[in-house]
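In this note's numbering, the protein residues as written are 518 to 753.
We put the beta carbon where it would ideally sit given N, CA and C, even for glycine.
Bear in mind the structure is a predicted one, so any value in this text is a computation, not a measurement.
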Ligand code: UDP
């Protein structure tokens with residue numbers, strides 16, 4: 518029994534690097550594609566937003582002297598590169614998929630329009646929504662909360678390399694403990710940096726629950742979809 522009918526899956530660009538320092542690790546990409554295929558075969562409608570941090574981030578670009586707006590545009594293009602890579606990996610596995618772009622750039626991808634994405638989801642195609650929100654000064658976390666809300670997803674699944682939300686960064690603080698469940702308010706109060714606040718606020722205001730889980734362990738996506746509490750659930 519699946520808990521969700523339609524999900525928005527957010528994948529971080531950084532995770533796509535695998536053990537590399539930069540770019541796309543094809544083993545990791547293959548793992549993601551296999552997990553997504555298995556989920557799609559369960560009849561779950563899947564929309565995916567991928568970050569671009571493995572290639573370029575506008576903020577780091579600005580720190581190196583790039584113009585912020587152009588740096589963010591470079592970052593958005595990085596998400597398009599990752600989306601094409603995932604689309605190609607899914608196609609290789611025989612999974613019907615379609616890449617949409619938040620900025621017009623046919624024939625690389627179809628220009629995002631909510632009704633067309635809904636149609637593709639209803640047909641059982643996996644949709645990959647690239648280019649974030651299409652605007653600078655935003656992140657792909659905000660892009661995924663926006664798309665999740667627009668597409669009326671039941672949940673936003675934030676796949677990370679950590680298995681949930683902790684009281685502190687578990688990679689830095691060994692005493693950090695994990696939450697099975699947390700409210701949006703508590704995230705603000707504790708100053709937890711799971712996503713940027715714009716994304717968290719959008720989810721809260723539009724009642725989109727979030728599940729943060731470890732996507733880098735193959736099989737975990739299916740577990741989350743079956744309702745196993747392996748990550749942290751964010752709600753009211
Ligand atoms: N970006 C943007 N607008 C958006 C989404 C992304 O300008 O709506 C740019 C921004 O520069 C960001 C980069 O794209 O740093 C990559 O996205 P993000 O940092 O969210 O990727 P992740 O951390 O998930 O790999």
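Bridge partner(s) assigned by DSSP for residue 564: Start at 1 with the first residue of the chain shown, and residue 564 comes out as number 47. 525, 644.
Using only the heavy atoms of ligand 1, determine whether one of them is closer than 7 Å to the beta carbon of residue 529. The residue given as residue 529 occupies position 12 in the chain shown. Checking every heavy atom of ligand 1 against the Cβ of residue 529, one is found closer than 7 Å.
Let me confirm a value: residue 703 is counted as buried when at least 16 other C-beta atoms fall within 10 Å, else exposed. Which label applies? Taking the first residue of the chain shown as position 1, residue 703 is located at position 186. Burial call: exposed.
Using 10 angstroms around the beta-carbon of residue 717, count the other beta-carbons present and answer buried if the total reaches 16, otherwise exposed. On the chain shown, position 200 is the one that residue 717 refers to. It counts as buried.
In this structure, what does DSSP give as the bridge partners for residue 673? Numbered from 1 along the chain shown, position 156 holds the residue referred to as residue 673. Paired residues: 525, 727.
Give the range of the alpha helix (DSSP H) segment to which residue 597 is assigned. Sequence index remark: in the chain shown, residue 597 carries index 80 (1-based). Counting along the chain, the unbroken alpha helix (DSSP H) around residue 597 starts and ends at 585-609.
Residues near residue 728 in its chain [Cβ-Cβ closer than 8 Å; skip 5 each side]: Here residue 728 refers to the residue found at position 211 when the chain shown is read from its first residue. Once the five neighbours on either side are set aside, the close Cβ partners of residue 728 are 672, 673, 674, 675, 741, 748, 749, 750, 751.
Helix, strand or coil, according to DSSP, for residue 737 in the structure here? Stepping through the chain shown from its first residue, residue 737 is reached at position 220. Assignment of residue 737 by DSSP, reduced to helix, strand and coil, places it in the helix class.
Take residue 610 and list the residues in its own chain whose beta-carbon comes closer than 6 Å to its own, dropping the five residues that flank it on each side. Numbered from 1 along the chain shown, position 93 holds the residue referred to as residue 610. Spatial neighbours of residue 610 in its own chain (CB-CB distance under 6 Å, excluding positions within 5 residues in sequence) are listed in chain order as 550, 554.
Nearest to residue 539 (by Cα), restricted to the options 637, 590, 574: The sequence position of residue 539 within the chain shown is 22, counting from 1. Distance from the Cα of residue 539 is smallest, within the candidate group 637, 590, 574, for 574.
Compare the beta carbon distance of residue 524 and residue 646 with 8 Å and say whether it is the shorter of the two. By one-based count along the chain shown, residue 524 stands at place 7. By one-based count along the chain shown, residue 646 stands at place 129. No, the pair does not count as a contact, with Cβ atoms beyond the cut-off.
Check whether the Cβ atoms of residue 649 and residue 593 lie closer than 8 Å to each other. Position 132 of the chain shown holds residue 649. Position 76 of the chain shown holds residue 593. In this structure, residue 593 lies closer than 8 Å to residue 649 by Cβ.
Which residues share a DSSP beta bridge with residue 698? Numbered from its first residue, the chain shown carries residue 698 at position 181. For residue 698, the pairing in a beta bridge is given by DSSP as 750.
For the beta strand (DSSP E) containing residue 615, name the first residue and the last one. One-based indexing of the chain shown puts residue 615 at position 98. Boundaries of the beta strand (DSSP E) around residue 615: 614-618.
With respect to the alpha helix (DSSP H) encompassing residue 575, which residues constitute its N-terminal and C-terminal limits? On the chain shown, residue 575 is found 58 positions in, with the first residue counted as 1. Per DSSP, the unbroken alpha helix (DSSP H) holding residue 575 starts and ends at 575-580.
Find out if the Cβ-Cβ distance for the pair residue 585, residue 653 is shorter than 8 Å. On the chain shown, residue 585 is found 68 positions in, with the first residue counted as 1. On the chain shown, residue 653 is found 136 positions in, with the first residue counted as 1. Annotated as proximal: residue 585 and residue 653, with beta-carbon spacing under 8 Å.
So, is residue 570 buried or exposed, given that buried needs 16 or more other C-beta atoms within 10 angstroms? Translated into positions along the chain shown, residue 570 becomes position 53. With 16 or more other CB atoms across the displayed protein chains lying within 10 angstroms of its CB, residue 570 is buried.
Taking C-beta to C-beta, are residue 754 and residue 659 nearer than 8 Å? Residue 754 lies beyond the stretch modelled for the chain, which goes from 518 to 753, so this question has no answer here.
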